[in-house]
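Asker: For what it's worth, the numbering used here labels the leading residue of the sequence shown as 154, then goes sequentially. Quick reminder that beta carbons are idealized off the backbone N, C-alpha and C, glycines included. Handing you this structure, nothing more for now.
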Amino acid sequence: MVVSVYRSRVAGHCRLVTVTWCKNLLAHGLSVSVDGPDTDSSSSCKVQISPWQPWRKQGSNRFQIGGETVEVFWDLHSAKFCNEPEPQSDYYVAVVSEGEVVLLLGDLRKEAYRRTSSRPSLIEAVLVARKEHVFGKKRFATRSRFHDKGSRHEISVECSNGGGGNMDLDMEIKIDGDVAIHVKHLQWKFRGNDSILIDKRRVEVYWDVHGWLFASGLRYALFIFKPESLSSAGGGGVGDSCCLFLHAWKLD
154 MVVSVYRSRV AGHCRLVTVT WCKNLLAHGL SVSVDGPDTD SSSSCKVQIS PWQPWRKQGS
214 NRFQIGGETV EVFWDLHSAK FCNEPEPQSD YYVAVVSEGE VVLLLGDLRK EAYRRTSSRP
274 SLIEAVLVAR KEHVFGKKRF ATRSRFHDKG SRHEISVECS NGGGGNMDLD MEIKIDGDVA
334 IHVKHLQWKF RGNDSILIDK RRVEVYWDVH GWLFASGLRY ALFIFKPESL SSAGGGGVGD
394 SCCLFLHAWK LD
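Next up, the structure:
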């Protein structure tokens, strides 16, 4: 499952738009929700895409936010998922409010604007957070960007025996194949944090692998990658960074 949270202007106000992609053995799923006027309320549309329901791969839905109509358009008919919950190419998902496309995902941008008959929003949506669930035995990997205009990087977490028995583990966190953080004797340092540089900007990395070491059954570790924003770095930007929450589920 992959959850992405965007900040966009919807129905006259700055709101959070959450896009969730999921998959199982038989189908892919898509959910788009928009925060309502109250902090505890939201409206959403959900789509399930299966081989025997090809008509669900293209469509639209609408709901009300603060008295305004919000529409969601999607075309996943030719989408390439590459065995991932989230499509990698040949698709679009568009959120339309007040005649503007306030959020546009995918590479079929011309088709999206033609289908929605709407103009681009003057305020571009910004990715603010991303949550992923990955599964593995010793290696857990994903790809993500940490800034709105930044490039995508491969992030991987790898565990190995440290030479002191089954409970003596070492952990490496790699960015694009290069070791950024190396933690020895993980059983004593199962919670911690460190700073690394990605795209010449500082990213604070937090980890909690207590579940890996001491829980039973299907268990996960949590990794948080929190980049420094341009505003805090003195660059003048506001809210351009994306925080990654990585849930790494360990399979025995």
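#1: Which residues in the same chain as P190 place their Cβ atom closer than 6 Å to its Cβ, once the five residues preceding and following it in sequence are excluded?
#2: Is the beta carbon of G345 closer than 7 Å to that of W360?
#3: In whole angstroms, what is the alpha-carbon distance linking R408 and V185?
#4: Taking DSSP's pairing of strands, which residues face A374 in a bridge?
#5: Assuming T171 and V158 make a contact with CB atoms under 8 Å, what is their CB distance in whole Å?
#6: Would you tell me roughly how many angstroms separate the C-alpha atoms of H400 and E357, rounded to the nearest one?
#7: Report the rounded CA-to-CA distance for Q217 versus L229, giving the unit in angstroms.
#8: What distance in whole Å lies between the Cβ atoms of H306 and R296, which are believed to be in contact at a cut-off of 8 Å?
#9: For V356, which beta-bridge partners are listed by DSSP?
#10: Indicate whether S270 and E253 have their beta-carbon atoms separated by less than 7 Å.
#11: Which residues mark the beginning and the end of the alpha helix (DSSP H) in which G364 is found?
#12: By the DSSP assignment, the beta strand (DSSP E) with K263 in it spans what residues?
#13: Between the alpha carbons of K342 and S313, how many angstroms are there, rounded?
#14: Which residues in the same chain have their Cβ closer than 7 Å to the Cβ of D347, if we skip the five residues on either side of it in sequence?
#15: What distance in whole Å lies between the Cβ atoms of G289 and L404, which are believed to be in contact at a cut-off of 8 Å?
#16: Once DSSP output is grouped into helix, strand and coil, what is the label at R272?
#17: DSSP on K290, reduced to helix/strand/coil?
#18: If you check the beta carbons only, do R272 and F226 fall under 7 Å apart?
#19: From the DSSP secondary-structure annotation, give me the bridge partner or partners of K233.
#20: What is the rounded straight-line gap between the Cα of W174 and the Cα of R262?
#21: For the putative contact between A232 and L256, defined by C-beta atoms under 8 Å, what is the C-beta separation to the nearest angstrom?
#22: Distance check for I308 and D352, CA to CA, integer angstroms please.
Answerer: With the structure as the only source:
#1: G219
#2: Result yes, Cβ atoms of W360 and G345 sit closer than 7 Å.
#3: Residue 408 lies beyond the residue range present for the chain, which begins at 154 and ends at 405; the question has no answer from this structure.
#4: A401
#5: 5 Å
#6: 17 Å
#7: 24 Å
#8: Indeed they touch by this definition, with Cβ atoms about 7 Å apart.
#9: I349, P380
#10: no
#11: 363 to 367
#12: Taken as a continuous stretch (DSSP letters only), K263 belongs to no beta strand (DSSP E), being part of the alpha helix (DSSP H) at 262 to 269.
#13: 15 Å
#14: I334, V358
#15: Contact annotation, L404 with G289: C-beta distance approximately 6 Å; criterion of less than 8 Å satisfied.
#16: DSSP places R272 within a strand segment (E or B) once states are collapsed to three.
#17: coil
#18: no
#19: Answer is S242.
#20: 19 Å
#21: Cβ atoms of A232 and L256 stay farther apart than 8 Å, at about 17 Å.
#22: Roughly 13 Å between the two C-alpha positions.
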